[in-house]
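**Student:** The structure that follows is given in the form of structure tokens.
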Amino acid sequence: MAQRLTIKDLSLQYSASEPRALSSLSLDVEAGSCCAIIGPTGAGKSTLLQCLAGTMRRHHPESLATGQIQFGETRFNGVPDHVLFPIAGLVLQDPYVQISGVRETVFDEVLFTLENLGTIPQDPRQTILSILQRLGIDHLADRKPTSLSGGETQRVALAAILIAQPSLLLLDEPTTALDSNAQDKLRFILRSLRGRTTVLLTDTQIDFALSPDSSNVRAFKLDVDPKTRLPATGSWLRKHSA
Amino acid sequence: MPKPIRQRIADEMTGAALPFVAFCIALNLTAGQITAALKIPLYLDSIGTILVAVLVGPWSAIICGSAANLLAAAFGNPSMIFFIPVVIVIGAFTGFLARKGWFRKWYLVVIGGILQGVLAALVSAPISAYVFGGVMMAGTDFLVLYFRSVGNNLLNSVIYQGLASDPVDKLVSFLIVFFLTKNLPQRLLSRLHGAANVG
Amino acid sequence: MKANLDLPSKLSLVFFLWVCAFTLPWTFQVGLCLLLVIARFAIPAFRPVSHRSAAAFSKFILYSITVALLVTCLNALFIRSGNVVATLLGFSFYEDGLLFGLRTASRLILLSFSVLMFFISTPLTVFIDYLQSKGLPQYLVLMLLLTLHFLDHLPSRIHQIFLAQQARGAPVDSGVLSRTRALLSILSPLVLSSIVESIERGTALELRGFLSRPVASRKPEDTETRVNLLTICFYFMSLVIIAYSIYRWLNV
């Protein structure tokens with residue numbers, strides 16, 4: 001079930017001696033809606049997603065965070081100290097590394113997630129094929145996952161996360177390697193998730209989030225202070241400003 | 001109470017360490033291709049094991065070496081399976097040296113490489129002698145025959161052959177790993193548990 | 001009870017052949033090697049699983065013949081004890097060396113053949129699944145499978161780095177010291193990129209719930225419990241040979 005995501009005054013340093021990677025960020029994303037975080041490199045987009053997925057403290061134990069993250073009824077002071085999967089699922093920017101490389105077919109690749117969680121349903125075939133169908137890749141079910149194109153690989157990576165039914169879906173720069181046709185498919189997928197999953201995606205360009213076809217996507221801009229080159233607090237963008 | 005071995009291995013092989021160990025097993029098996037292409041007369045077939053011992057830990061290095069020998073046997077070099085005890089010693093000893101800080105100074109690396117070579121020669125000698133009769137299907141077999149022809153018994157001949165060739169190979173492998181790890185960024189190293197071993 | 005050459009029975013056969021390699025006279029070992037060669041063509045369970053396996057087997061047969069001849073001749077030449085059995089071009093071949101060479105070569109080839117026969121006729125993924133069903137932890141299974149993935153991709157990556165370094169003027173064709181420096185210039189980017197990739201892959205695995213802990217079995221139907229008659233036979237014969245060898249050793 002989709003849940004509301006609230007971030008209050010979140011600041012983060014990778015270590016005490018480093019400058020802030022996130023600076024007093026506040027953000028409110030309604031349950032089941034889609035929010036695009038737009039900003040240049042260094043604005044803290046990927047850092048924010050790592051904080052929300054719960055990998056930040058695990059990979060950078062020396063990091064310092066203040067503020068709050070609240071997802072549904074669960075509240076974290078600072079950032080979570082454990083990976084939140086399957087509550088939150090993050091799809092990385094490079095889809096190729098997200099493919100395990102240890103399964104021979106797309107079907108088994110998606111099943112791999114369920115094996116890890118220890119929650120294989122009675123009829124995994126039906127469950128997995130319905131996810132692949134929703135993402136328009138059911139025809140690839142028996143293909144080798146490492147032999148697919150960038151757009152196809154990204155949808156397999158997405159299927160491998162969605163199969164766990166996360167309440168919060170995090171997509172790190174999902175449009176980077178996609179042509180316009182594949183971007184249309186991504187828009188379609190995001191629309192199909194409306195109401196079911198809260199989605200947060202990042203992008204360096206505002207085009208995708210603000211295009212009329214992305215009517216369900218709200219855009220939040222993270223800026224970098226031109227003088228200090230440090231992240232500044234962000235603000236919502238309005239559609240007509242595109 | 002000390003942790004069980006199974007738990008110690010699992011503790012080391014978390015996060016980035018697991019794919020890195022897999023890469024190093026593959027590196028053990030393909031390093032020979034690089035040296036062959038460059039026409040360098042070395043095998044470097046334990047370079048991946050040494051890298052894992054330094055950057056991850058001794059348990060992972062033991063797993064890395066054993067798995068590499070098992071796969072080498074599967075890919076057409078069956079005698080490698082009998083030398084798994086040797087790679088276990090290489091992994092454990094290198095991991096021990098790395099934890100003691102021997103990969104931070106070049107002269108300790110030189111001494112460590114030579115010691116490792118001597119140890120590898122001593123451990124592999126009984127296997128070479130009693131399992132394979134001193135024949136390893138390599139150019140070094142001539143050395144064994146030479147030592148036997150001048151009156152040494154089989155085990156001693158194999159030990160002398162090992163002492164003549166192993167320290168050089170291990171010394172070069174140690175030095176290569178030292179130069180490879182010396183300039184790696186700390187932020188990357190910290191993700192592999194072995195950041196304190198180098199630098 | 002069944003009696004077919006499945007994976008556990010092939011493993012028991014390997015064990016049996018190892019026992020034979022250390023206990024039986026060299027003539028038996030040569031006979032067993034010949035039987036293995038016939039088995040490779042006659043018994044479906046020993047057929048190579050790929051062209052690569054078939055090629056490895058053929059290569060090994062030629063290699064074995066060469067090694068057997070070489071080991072026997074060189075030992076007969078260098079180990080100068082016992083009678084001289086032949087003299088050729090002024091070189092004398094001695095009996096003790098000849099016998100030692102024959103014993104060594106036959107043992108070496110039987111040991112190698114037994115391991116090779118197992119691996120050429122067993123897909124690695126099936127072997128890894130078997131190890132998992134026998135209790136190999138999931139993260140080690142994943143590590144072995146990832147290794148196979150890297151082995152597929154590593155040669156092309158090495159080739160690309162090699163070409164890039166050559167294009168930048170790395171001395172890949174000059175003296176040994178320069179070539180050793182070139183080796184570093186190839187290994188350095190390879191190791192660095194592999195660490196970066198490992199970090200990303202490790203993160204990706206964690207993001208899919210993989211945390212080195214017990215998980216649901218992928219193939220619960222794999223847990224075969226029926227006893228194979230052949231497996232029992234091979235282990236029984238091994239025990240008999242070991243017992244007989246100990247008896248003979250005690251009575252010498």
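Chains as they are written, first to last, in our numbering: chain A, 1 to 242; chain B, 1 to 199; chain C, 1 to 252. Beta carbons: idealized from backbone N, C-alpha and C, even for Gly.
Could you give the distance in angstroms between the alpha-carbon of A216/C and the alpha-carbon of M117/C?
**Tutor:** Here A216/C scores only 48 on pLDDT, less than 50, and its place in the model should not be relied on; the value that follows carries that caveat. About 32 Å.
**Student:** Okay, do the segment 51 to 58 of chain A and the segment 117 to 134 of chain A touch, 3+ Cβ pairs below 8 Å being the bar?
**Tutor:** Touching, no.
**Student:** With 8 Å as the limit, tell me which residues of the segment 77 to 96 of chain C have their beta carbon closer than that to any beta carbon of chain A; keep them in chain order.
**Tutor:** If the cut-off is 8 Å between Cβ atoms, the segment 77 to 96 of chain C has nothing near chain A.
**Student:** Check the DSSP bridge columns for D203/A and list the partner residues they point to.
**Tutor:** D203/A is bridged to I38/A.
**Student:** Any idea which residues DSSP pairs I7/A with across the strands?
**Tutor:** Beta-bridge pairing links I7/A to L27/A, I69/A.
**Student:** Just the chain B side, please: which residues come within less than 7 Å of S245/C by C-beta, in chain order?
**Tutor:** Going along chain B, no residue has its Cβ under 7 Å from S245/C, so there is no contact; the nearest lies around 15 Å.
**Student:** How far does the alpha helix (DSSP H) with F91/C in it extend, from its first residue to its last?
**Tutor:** Counting along the chain, F91/C falls outside any alpha helix (DSSP H), though it belongs to the beta strand (DSSP E) covering 91 to 94.
**Student:** Please go through the same chain and pick out, in chain order, the residues whose beta-carbon is closer than 6 Å to the beta-carbon of S50/C, but skip the five residues on each side of it.
**Tutor:** Nothing meets the Cβ criterion.
**Student:** Is the segment 161 to 177 of chain B close to the segment 44 to 58 of chain B, with three or more CB pairs under 8 Å?
**Tutor:** Yes, since at least three Cβ pairs between the segment 161 to 177 of chain B and the segment 44 to 58 of chain B fall closer than 8 Å, the two stretches touch.
**Student:** Out of R58/A, P86/A, G42/A, H82/A, which one is the CA nearest neighbour of Q165/A?
**Tutor:** It is P86/A.
**Student:** Given 8 Å as the limit, is there contact between the segment 230 to 239 of chain A and the segment 109 to 124 of chain C, that is, 3 or more CB pairs closer than that?
**Tutor:** Result no; under three Cβ-Cβ pairs closer than 8 Å.
**Student:** Is the beta carbon of G194/B less than 8 Å from the beta carbon of A92/B?
**Tutor:** No. Outside cutoff.
**Student:** Using 8 Å as the Cβ pair cut-off and three pairs as the minimum, do the segment 105 to 123 of chain B and the segment 154 to 173 of chain B touch?
**Tutor:** Output reads yes: the segment 154 to 173 of chain B touches the segment 105 to 123 of chain B.
**Student:** Inspect the CB distances between the segment 29 to 37 of chain A and the segment 57 to 67 of chain A and report whether three or more fall short of 8 Å.
**Tutor:** No contact exists between the segment 29 to 37 of chain A and the segment 57 to 67 of chain A.
**Student:** Between which two residues does the alpha helix (DSSP H) harbouring D113/A extend?
**Tutor:** Before going further, note that residue 113/A is Thr rather than Asp in the sequence given. Counting along the chain, the alpha helix (DSSP H) containing T113/A begins and ends at 106 to 117.
**Student:** Please state if the CB of D142/A and the CB of G67/A are separated by a distance shorter than 8 Å.
**Tutor:** Contact flag unset, no.
**Student:** So what does DSSP say about R20/A, is it helix, strand or coil?
**Tutor:** Here R20/A sits in strand by DSSP.
**Student:** Can G90/C and N75/C be called in contact, C-beta distance under 8 Å?
**Tutor:** It is not a contact, given that the beta carbons lie outside the stated cut-off.
**Student:** Nearest by alpha-carbon distance to L88/C: which of G135/C, C73/C, W249/C is it?
**Tutor:** For L88/C, the nearest C-alpha among the options comes from C73/C.
**Student:** Count the other CB atoms, across all protein chains shown, that sit within 10 Å of the CB of P2/B; report buried if there are 16 or more and exposed otherwise.
**Tutor:** The residue in question, P2/B, is exposed, as its Cβ has fewer than 16 Cβ neighbours within 10 Å.
**Student:** Report the rounded CA-to-CA distance for I246/C versus T23/C, giving the unit in angstroms.
**Tutor:** Distance between the alpha carbons of I246/C and T23/C is about 10 Å.
**Student:** Does R148/B get closer than 8 Å to chain A when you measure Cβ to Cβ?
**Tutor:** Chain A contact via Cβ: absent.
**Student:** If you draw a straight line from the C-alpha of L29/B to the C-alpha of D45/B, how long is it?
**Tutor:** Near 6 Å, if we compare the C-alpha coordinates of D45/B and L29/B.
**Student:** Report yes if the CB atom of K227/A is closer than 8 Å to the CB atom of L237/A, and no otherwise.
**Tutor:** Contact: no.
**Student:** Pick from S173/B, L188/B, D169/B, A68/B: whose alpha carbon is nearest that of V21/B?
**Tutor:** Looking at the Cα atoms, A68/B is the closest of the given residues.
**Student:** Near L111/A, which residues of its chain fall below 7 Å by C-beta distance, leaving aside the five closest residues on each side in sequence?
**Tutor:** Taken in chain order, the residues that qualify are P124, I128.
**Student:** Bridge partners for P231/A per DSSP, in chain order?
**Tutor:** Answer is V224/A.
**Student:** Please list, in chain order, the chain C residues whose beta carbon lies closer than 9 Å to that of L155/B.
**Tutor:** Under the 9 Å cutoff, chain C gives no residues; its nearest Cβ is about 14 Å from L155/B.
**Student:** Can you name, in chain order, every residue of its own chain whose Cβ lies under 8 Å from the Cβ of N152/B, other than the five neighbours on each side?
**Tutor:** Contacts found: Y160.
**Student:** Evaluate contact between the segment 149 to 161 of chain A and the segment 174 to 183 of chain A, counting only Cβ atoms and requiring at least three cross-stretch pairs below 8 Å.
**Tutor:** Touching, per the Cβ criterion.
**Student:** So if I threshold CB-CB distances at 8 Å, which residues from the segment 110 to 133 of chain B count as touching chain C?
**Tutor:** Listed in sequence order: V131, F132, G133.
**Student:** Kindly indicate the opening and closing residues of the alpha helix (DSSP H) around L205/C.
**Tutor:** Taken as a continuous stretch (DSSP letters only), the alpha helix (DSSP H) holding L205/C covers 176 to 206.
**Student:** Quick one: using the 10 Å Cβ neighbour count with 16 as the cut-off for buried, is Q7/B buried or exposed?
**Tutor:** Under this definition Q7/B is an exposed residue.
**Student:** In chain C, which residues lie less than 9 Å from P167/B when you measure between Cβ atoms?
**Tutor:** Those within 9 Å of P167/B in chain C number zero; the least Cβ separation is about 17 Å.
**Student:** When DSSP labels each residue in this structure, what does S217/C get in the three-state scheme?
**Tutor:** Model confidence at S217/C stands at a pLDDT of 48, short of 50, so the residue's coordinates are unreliable and nothing is read from them.
**Student:** Is the CB of R8/B under 8 Å away from at least one CB in chain A?
**Tutor:** Not one chain A Cβ lies under 8 Å of R8/B.
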